[in-house]
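Colleague: Add 16 to a position in the sequence shown, counting from 1, and you land on the number used in our numbering. Next up is a structure, given as structure tokens.
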Amino acid sequence: LPSFIRSLPSRIPEDDLNYLRMKGSLKIPDKLLRRELLRCFIQFVYGYLPLVRLSDLLRIAEGDDISPEPISLLMFQSIMFAAAAFIDLKYLEQAGFQNRKDARETFFERAKLLYDFDCEPNQISCMQALLLMTYWNDTPDKEKDTWHWMSMSLSLAGTLGLRRNPEELNHITTEEQRLRKRLWWSCFMRDQLIALGMRRPTRIKTEDFDVPMLTLEDFEMPLQTAAIARALGPCSFLQSSRHMAQISRLCIEKAKLCLLVGRVLDTQYSPRHLVNGQLARLVPKTDVTETCEILQCDQELQRWIDQVPDDVRYPNHATVSAGSAELVTFVHRALLKMIYLAISITLHRPQLVPTSPQTIAPGTQYLARSRVVDAAAEVINVANDLHEQNLSRFLPTSGVTALVPAIAIHLLYLKSSKGTTREASLRRFKQGMHVLKRLREMYISAEVANEFLDAAVQKAQIPMLDP
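Here it is, written out as structure tokens:
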């Protein structure tokens, strides 16, 4: 193993090491591929999940010619896996991968085997790796999917005591306190967004932890070194105080937004336990939800969007130049807006499409229709902005979470009696499906969603849906 990777524990049997070697788990990408994957990780993963020390990643990029404090092989392979969704395909093809899915699966299997063989004694490193492994979203019938890896992450978070305020831990350094804080909020955000996307109950409740909200001081600020440019090339936002602060504020606002997910799901949905030991799915409540609860959730969402700082608010229909620092923040701002809109759709859709003959106040139904229709249109507008600039490929799996319910709303309105409504819905439905098809290159969840929506179109016998 290279000097920047920590040696595996000596207790691992030689047969196991040989097996791991044969399966590629000990294989390290060459410097070119490694640097490009690290650059993509910093740009398109770290901002959403700031669960590692950025300074460690920058030292790794330099490689064997320096001697940084070595990092976990499990964490390294997990980073390679998470970044493979965003790297330019040409680098993967040059490394011998057939396509992006092939590369993601290969890197994931390397990390999974290291975890299965208990190769990492450091629990913080395990926690970091497990959270990155939640980005594995194989077909829903597989046992070890996103939900499984999130369960493992939460179990380890409990063991590590991450639910408790790290500022009260006097025996660790300030840097370690900040890392634990970022790690907890990364765990919380993944739990909430996975629950939102999979329509399952959240497993972290806001009353179950006392970790303070993230602040700018919890993040690493720019590192003004020539090594960054030498190691990572066009990753200029790392050397800009403004852009690094912007990325940090985006993460903070996302954490605040995720605090509302559990509230929305608890207000409008209840778990339905499926047979054969399958996990509970959330379905709209059959009894009448108190209007005041819906309005309170709606007001909290409105307060959140009203207080979002201007520099992290999505700039409608803006364009960015390729390779610019603004490109990274533009994608992050777009995703934040899409998640907000998806939560709004999740809150109001049960009033739009009642599941029982319950009486819904006209005012509540009008608000629901207004919020859902506007949010669905905005999700598609934002996604289409990205798609037209070839940036939709940088969306993470939560982009699929936001996109699918919006497309489903436009599918619903394709049967509207109003011609203008049908035309607008048809246009946005097609735009949404184009973006979803692009995301199929990276994520199996997008492929599953695409097949589901295609089947719904066939079942509804809706004409004029050829691209």
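C-beta: ideal position from N, C-alpha, C; glycine also.
1. According to DSSP, is D470 helix, strand or coil?
2. If we ignore side chains and look at the alpha-carbon of each, how far apart do P18 and I44 end up?
3. Along the chain, which unbroken stretches of the alpha helix (DSSP H) at least 4 residues long are found entirely within the stretch 103 to 158?
4. Keeping to the same chain, check which residues put their C-beta closer than 6 Å to that of V464; ignore five residues upstream and five downstream.
5. Determine the extent of the alpha helix (DSSP H) in which Y35 is found, giving its start and end residues.
6. For R258 and T437, what's the separation of their Cα atoms in angstroms?
7. Are A350 and V395 closer than 7 Å when you measure CB to CB?
8. Would you report the Cα separation of I87 and F133, rounded to the nearest angstrom?
9. Between which two residues does the alpha helix (DSSP H) carrying P378 extend?
10. Roughly how many whole angstroms lie between the Cα atoms of F102 and L209?
11. Relative to the C-alpha of T162, which candidate in S169, M168, N153 and L232 has its C-alpha closest?
12. Quick one: complete alpha helix (DSSP H) runs, 4+ long, within the stretch 266 to 321?
13. Give every residue of the same chain whose Cβ lies closer than 7 Å to the Cβ of H289, excluding the five residues on either side of it in the sequence, and list them in chain order.
14. What would DSSP say about I188, mapped onto helix, strand or coil?
15. Going by DSSP, what residue range makes up the alpha helix (DSSP H) through V451?
16. Between the stretch 216 to 235 and the stretch 318 to 334, are three or more C-beta pairs nearer than 8 Å?
17. Could you tell me whether the Cβ atoms of R385 and L368 are closer together than 7 Å?
18. Taking the alpha-carbon positions, what's the T380 to V68 distance?
19. Looking only at DSSP bridge pairs, what is I21 linked to?
20. Please report the Cβ distance between R126 and A100, rounded to the nearest whole angstrom; I am assuming they are in contact, meaning their Cβ atoms lie under 8 Å.
21. Determine, using beta carbons only, whether V416 and L469 come nearer to each other than 7 Å.
22. Return the chain-ordered list of same chain residues with a C-beta closer than 7 Å to the C-beta of R444, the five sequence neighbours on each side being excluded.
23. Please state if the CB of W200 and the CB of A486 are separated by a distance shorter than 7 Å.
24. Kindly say whether R329, judged by its beta-carbon, lies nearer than 7 Å to any beta-carbon of chain C.
25. Cβ of A418 within 7 Å of Cβ of I460?
26. One question on the structure: do L363 and V280 come within less than 7 Å of each other, judged by their Cβ atoms?
Modeller: Let me spell this out:
1. Of the three classes helix, strand and coil, the one that applies to D470 here is helix, per DSSP.
2. 8 Å
3. Listed in chain order, they are 105 to 110, 116 to 132 and 139 to 149.
4. none
5. E30 to M38
6. 42 Å
7. V395 is positioned such that its CB atom lies no closer than 7 Å to that of A350.
8. 18 Å
9. First-last of the alpha helix (DSSP H) with P378: P378 to E404.
10. 20 Å
11. N153
12. 277 to 284
13. A296
14. I188 falls in the coil class under three-state DSSP.
15. V451: member of the alpha helix (DSSP H) spanning G435 to L455, first to last residue.
16. no
17. yes
18. 44 Å
19. Per DSSP, I87.
20. That belief does not hold up - the Cβ atoms of R126 and A100 are roughly 11 Å apart, past 8 Å.
21. no
22. A393, I396 and H426
23. Shown here, the chain extends from 17 to 483; a query on residue 486 therefore has no answer.
24. Note that chain C does not occur in the displayed structure, where there is just one protein chain.
25. no
26. yes
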